[in-house]
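Residue numbering for the sequence shown follows this note's numbering, starting at 4 and increasing by one per position.
See structure below.
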Amino acid sequence: DDIEKYNEGCNSLELKGKFTKYWKSQKIDYLDIFPNILIEQLEWLKKKKIKMAIASSSPMDTINEVVTTCKIESYFDCLISGRDLPESKPNPTIFLKASEQLRIPVEECLVIEDSYNGIKAGKRANMKVLAIKDKRFSQDVSLADDVIYDIKYLRQEVQVKFGI
Numbered sequence: 004d005d006i007e008k009y010n011e012g013c014n015s016l017e018l019k020g021k022f023t024k025y026w027k028s029q030k031i032d033y034l035d036i037f038p039n040i041l042i043e044q045l046e047w048l049k050k051k052k053i054k055m056a057i058a059s060s061s062p063m064d065t066i067n068e069v070v071t072t073c074k075i076e077s078y079f080d081c082l083i084s085g086r087d088l089p090e091s092k093p094n095p096t097i098f099l100k101a102s103e104q105l106r107i108p109v110e111e112c113l114v115i116e117d118s119y120n121g122i123k124a125g126k127r128a129n130m131k132v133l134a135i136k137d138k139r140f141s142q143d144v145s146l147a148d149d150v151i152y153d154i155k156y157l158r159q160e161v162q163v164k165f166g167i
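Encoded structure:
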């Protein structure tokens, strides 16, 4: 197999372990990834008494690191890692679990996503989906109910299109 051929005799499992170790050793500047405008948007949603969850495919330790580093943990009612579920996105289980934990019917949920599989999972959960299209990545957002190109437009879009 090509993985073993080009990776010093490592099998797939060993290579995955090396990659995971390398990935964890890299320091990611989450504050750079998530701009201050995000906090303004979260603050507005919280004032509107909107219940919020993070439903991410990332491991829970990564989710916790991000929310702690960015000081946004107080905005979310629950954090869910897809790694703790039997299937990941595009399977809708993660969003159905968020709906259940928040005690909000699926038809009243709004999924905000930036990935094709996340958008697909939200639609499969019968939820409204707002995509955030990042120009740096070529994610297909065509399944979303609506699309914004910058997080600064989140409040306006949610007010106008979703009546919040």
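From the three backbone atoms N, C-alpha and C, an ideal C-beta is built for every residue, glycine too.
What you are looking at is a predicted structure, and each value in this text was computed from that prediction instead of being measured.
Close-in-space but distant-in-sequence residues of the same chain around residue i (CB under 6 Å, 5 per side omitted)
{"i": "V70", "result": "E76"}
{"i": "Y119", "result": "Q142 and D143"}
{"i": "K49", "result": "Y78"}
{"i": "T41", "result": "Inspection of the sequence shows that residue 41 is occupied by Leu rather than by Thr. Counting only Cβ-Cβ distances below 6 Å, and skipping sequence neighbours, we find I154."}
Beta-carbon proximity list for residue i, same chain, < 8 Å, skipping 5 on both sides
{"i": "K123", "result": "K92, P93 and L146"}
{"i": "K164", "result": "L133, D148 and D149"}
{"i": "K51", "result": "I167"}
Residue i to residue j span [Cα, whole Å]
{"i": "V144", "j": "K138", "result": "12 Å"}
{"i": "I66", "j": "Y156", "result": "24 Å"}
{"i": "I107", "j": "E43", "result": "24 Å"}
{"i": "L159", "j": "K19", "result": "Just to set this straight, residue 159 is Gln in the shown sequence, not Leu. Distance between the alpha carbons of Q159 and K19: 42 Å."}
{"i": "D153", "j": "E46", "result": "17 Å"}
{"i": "E90", "j": "T96", "result": "7 Å"}
{"i": "K8", "j": "S15", "result": "Bear in mind that the predicted position of K8 carries a pLDDT of just 49, short of 50, making it unreliable; the figure below should be weighed with that in mind. Going by the C-alpha atoms only, they are around 11 Å apart."}
{"i": "N39", "j": "T72", "result": "12 Å"}
Test item: CB-CB of residue i and residue j under 8 Å
{"i": "L133", "j": "D117", "result": "no"}
{"i": "A128", "j": "L88", "result": "no"}
{"i": "L113", "j": "M130", "result": "yes"}
{"i": "I83", "j": "I57", "result": "yes"}
{"i": "P135", "j": "I151", "result": "Residue 135 is actually Ile in this sequence, not Pro. Going by C-beta atoms, I135 is nearer than 8 Å to I151."}
{"i": "G85", "j": "S102", "result": "no"}
{"i": "K21", "j": "C13", "result": "yes"}
{"i": "M55", "j": "Y78", "result": "yes"}
Start-to-end residues for the beta strand (DSSP E) that takes in residue i
{"i": "S59", "result": "A56 to S59"}
{"i": "A124", "result": "From DSSP, A124 is part of no beta strand (DSSP E) but of the alpha helix (DSSP H) over Y119 to R127."}
{"i": "V144", "result": "From DSSP, V144 is part of no beta strand (DSSP E); its letter is neither H nor E."}
Residues that DSSP places opposite residue i in a beta bridge
{"i": "I107", "result": "Answer is none; I107 lacks a bridge partner."}
{"i": "I83", "result": "A58"}
{"i": "V150", "result": "A134"}
{"i": "E116", "result": "A134"}
Residue range of the alpha helix (DSSP H) that includes residue i
{"i": "I132", "result": "The displayed chain sequence assigns Val, not Ile, to residue 132. First-last for V132: K131 to I135, but that is the beta strand (DSSP E), not the alpha helix (DSSP H)."}
{"i": "I53", "result": "It is not in any alpha helix (DSSP H) - I53 carries neither H nor E in the DSSP assignment."}
Own chain, CB closer than 7 Å to residue i, minus 5 neighbours either side, in chain order
{"i": "C81", "result": "A56, A101, Q104 and L105"}
CB contact check: residue i to chain C, cutoff 8 Å
{"i": "G166", "result": "Absent here is chain C; the protein component of the structure consists of one chain."}
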